[in-house]
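Sequential numbering from 1 applies to the sequence shown in the UniProt record's numbering.
In this text, a Cβ means the ideal position worked out from N, Cα and C, and glycines have one as well.
The model shown is predicted, which means the values in this text are computed figures rather than measured ones.
Everything below concerns the one structure shown next.
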Amino acid sequence: MPDQIRPQPGILDIALYEGGAGHVAGLSDAIKLSSNENPFGASEKAKDAFLRSVHKLHRYPNTDHSGLRQAIGEVHGLDPARIICGVGSDEIIHFLCQAYAGPGDEVVFTEHGFLMYRISTMAAGATPVEVRERERVTDVDAVLAACGPRTRLVFIANPNNPTGTMIGLSEIERLADGLPPQAILVLDGAYAEYVAGYDGGAWLATTRPNVVMTRTFSKIYGLGGLRIGWGYGPKPIIDVMNRIRGPFNLSTTQLEVAEAAVRDQDWVDRCRADNTRLRAWLAEALAEKGVPSDTSTANFILARFADEVEAAACDTWLQSQGLIVRRVTGYKLPNCLRITVGDEASCRRVAHAIGQFKALAKPRPEPETGLPEGGTVQGGAESGAA
Ligand SMILES: Cc1ncc(COP(=O)(O)O)c(C=O)c1O
């Protein structure tokens, strides 16, 4: 490569995003609990829309996304003119950084915040500013203290990934009120649908000139494979983002499937109810086995282990049992594993496997049976549990 061909300053400092693993070598039926996907998939109505869209493949999609924006507006009680749709909410995050942050500007997010905040900040040439959390919960005072004249954007995921914790409306309001005048508060609501009665920050984004909300179809809608997200906020900010949005950023299939999905709120309600029930069960089952977690408000649990060595060993053990969870060392949580709440069978399987792991890790009295050292752990002390 000739020396003269080089990317913009800072681009080579961006660490590649690592997604949740999708398979275990040698196993074809591993259960993936590493990417916070909906184990129940997409609604039948969304799938039907997908099949119908095949007849329109030769046509360019609508550029203004009016049908989808209208549907989102109706379902959420929002003004469609203040909605922008993107290739996942990742793209909305990217638009915000590209449009509002550049060299010399700062973008603030929390220490265990979603990795794309850093990547999009650096891609825009701006400086990431990471703020400590208080016991894995956003600390509004610390965020406000980190803001200054260079701050252009503040990203807060609520609920947060990978901690699963969230802060209340009064805290978010305090944050919005306390920001410097040139800064936008971005409330990332990727997991908002998992919290009954929570609007994801829509009301704040309706009433404040400096608040934007992002949402996704990748989680509760079960459409991670199709890549659709949206943002909502003050009209001038949406207009700015539309200037840098590619005219055909979403395909006809994406638009029509998302529209059918958002109109099927019965499916969302069922998935939320199942997630709430199974999440409580899983958290309690793990706690009983000596693996604590913070109260999660999302579709995953952040399981805490004694240290990085134990978390890594448990991850390896789970993989050997055909269970893929997420190491979160990149999120500065080396002693934790993020486990997506799967369907009932997956929850039982992961709880059972972690129980086996903990039982094996315990110092045990000398075996009287003469079992071989390091023998197989399948069917070990807790087999049949969970
Ligand atoms: C907090 C948070 N925000 C945004 C996203 C991006 O979602 P998508 O681009 O699939 O809409 C994710 C995905 O995991 C997330 O966890």
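Cβ neighbour criterion (16 or more within 10 Å) applied to residue i
i, result
"ARG6", "exposed"
"PRO247", "exposed"
"ALA126", "buried"
"GLN356", "buried"
"VAL309", "exposed"
"ASP3", "exposed"
"ASP105", "buried"
"HIS65", "buried"
"VAL291", "buried"
"TYR221", "buried"
"ALA311", "buried"
"GLU37", "buried"
"ALA81", "exposed"
"ARG118", "buried"
"MET166", "buried"
"ARG279", "buried"
Integer Cβ distance of residue i from residue j, believed to fall under 8 Å
i, j, result
"TRP267", "CYS347", "Incorrect: roughly 20 Å between the Cβ atoms, too far for contact."
"ALA323", "ARG349", "In the sequence under discussion, the amino acid at residue 323 is Leu, which differs from the Ala named in the question. At roughly 6 Å, the Cβ-Cβ gap stays under 8 Å, so LEU323 and ARG349 are in contact."
"GLY200", "LEU185", "In fact, because the Cβ distance is near 13 Å, the residues do not count as touching under 8 Å."
"TYR194", "ALA42", "Wrong, their Cβ atoms sit about 16 Å apart, outside the cutoff."
"GLY10", "MET122", "5 Å"
"LEU360", "ALA202", "The pair is not a contact, with the Cβ atoms about 47 Å apart (cut-off 8 Å)."
"ASP315", "ASN335", "Contact flag wrong, Cβ pair sits at about 11 Å."
"LEU286", "ALA351", "6 Å"
"ILE172", "ASN160", "ILE172 to ASN160, Cβ: 12 Å. No contact."
Residue i vs residue j beta-carbon contact at 7 Å
i, j, result
"PRO181", "CYS147", "no"
"ARG69", "ILE92", "no"
"ILE237", "VAL211", "no"
"ARG208", "ALA260", "no"
"ALA15", "GLU256", "no"
"THR216", "ALA183", "no"
"LEU100", "ARG152", "Before going further, note that residue 100 is Tyr rather than Leu in the sequence given. Cβ distance < 7 Å, so TYR100 and ARG152 count as in contact."
"residue 394", "THR340", "Residue 394 lies beyond the range of the chain shown here (1 to 386); nothing can be said about it."
"PHE40", "GLY164", "no"
"VAL131", "VAL143", "yes"
"residue 389", "SER53", "Absent from the structure is residue 389, since the part of the chain shown begins at 1 and ends at 386."
"ARG270", "ALA71", "no"
"VAL137", "VAL108", "no"
Near ligand 1: residue i beta-carbon under 6 Å from a heavy atom
i, result
"THR216", "yes"
"GLY88", "yes"
"PHE114", "yes"
"ASP188", "yes"
"ALA157", "yes"
"GLY229", "yes"
"VAL161", "First, the residue type needs correcting, since residue 161 is Asn and not Val in the sequence shown. Within the cutoff, so yes."
Own chain residues within Cβ distance below 7 Å of residue i, not counting five before or after
i, result
"TYR198", "ALA192"
"ALA196", "ARG272"
"GLU133", "THR110, GLU111, HIS112 and ASP139"
"ASN242", "ILE84"
"ARG150", "GLY104, ASP105 and GLU106"
"residue 391", "Because the chain here runs from 1 to 386, residue 391 falls outside it and cannot be looked at."
"ALA345", "none"
"ASP29", "GLY322"
"HIS23", "ALA30"
Proximal residues to residue i (C-beta, below 6 Å), its chain only, five neighbours per side dropped
i, result
"ARG227", "VAL87 and GLY88"
"PRO103", "GLY125"
"GLY375", "Note on GLY375: pLDDT 32, under 50, position unreliable in the model; the coordinate value appears next. Answer for GLY375: no residue qualifies."
"PRO162", "LEU302, VAL328, TYR331 and ARG338"
"SER251", "PRO61"
"LEU318", "VAL325 and ALA353"
"HIS94", "SER120"
"ASP90", "MET116"
"LYS358", "LYS289 and GLY290"
"GLY178", "LEU144"
"ALA46", "VAL257, ALA260 and ALA261"
"LYS56", "THR252"
Own chain, CB closer than 8 Å to residue i, minus 5 neighbours either side, in chain order
i, result
"GLU284", "none"
"GLY73", "ASP79, PRO80 and ILE83"
"ASP13", "MET122"
"THR276", "TYR194 and ALA196"
"THR63", "PRO247 and PHE248"
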